[in-house]
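Counted from 1, the sequence shown has number 137 at position 137 by full-length UniProt numbering; the numbering is strictly sequential.
As structure tokens, the structure follows; a few thoughts come after it.
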Amino acid sequence: METPFWKTKTLEEMSPAEWESLCDGCGKCCLSKLEDEDTGEIYWTSVGCRLFDAQTCRCADYANRLARVPDCVGLTPQNVRTISWLPSTCAYRLVAEGRDLYWWHRLVSGNAETVHEAGISMRGRVKASETELAEPEDYFDYMLDEEP
1 METPFWKTKT LEEMSPAEWE SLCDGCGKCC LSKLEDEDTG EIYWTSVGCR
51 LFDAQTCRCA DYANRLARVP DCVGLTPQNV RTISWLPSTC AYRLVAEGRD
101 LYWWHRLVSG NAETVHEAGI SMRGRVKASE TELAEPEDYF DYMLDEEP
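Here it is in structure tokens:
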């Protein structure tokens, strides 16, 4: 049996298709996050990006997201090593740290639905869209106690 690519390649060595396949489809990176300017602490919210499809846990316009959403962060092999808010379950983060993917990741399970079945994704857990909130203070009502 062949060893999976994420165990044999660095993030930089992966093809574009391999890189994209690492995304588990949880949708956590598409949530609005608040950062304490004094401490740098990240606070998660249940507010989805304006392009986030809460049913599929995917971007509604992935190809154009960086142009359409000014604060969208495109993940790269370089920045996944430094972004403090990547979820602890994120495949990009796990591989960058030399760890393996979880059983529910589609590359392991063979099924894109297992991330949802395992309760890891944001499906059914997004309470608002950023388009519904007028003021920065409005996000406080959607703060979560911990990373979802």
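Where is the CB? At the ideal position from N, CA and C, for every residue including glycine.
In this text the structure is predicted, and so the values were computed from the model without any measurement.
Item: Would Tyr139 and Leu51 be called neighbours here (beta carbons separated by less than 9 Å)?; Value: no
Item: Buried or exposed: where does Pro87 fall if 16 or more other Cβ atoms within 10 Å of its Cβ makes it buried?; Value: buried
Item: Is Tyr62 buried or exposed, if buried means 16 or more other CB atoms sit within 10 Å of its CB?; Value: exposed
Item: Which partner residues of Ile42 appear in the DSSP bridge assignment?; Value: Glu35
Item: Three-state secondary structure (DSSP) at Arg93?; Value: helix
Item: Tell me, to the nearest whole angstrom, how far the beta carbon of Ser21 is from that of Leu107; I am working on the premise that it is less than 8 Å.; Value: 6 Å
Item: With H, G and I counted as helix, E and B as strand and the rest as coil, what does DSSP make of Ser129?; Value: strand
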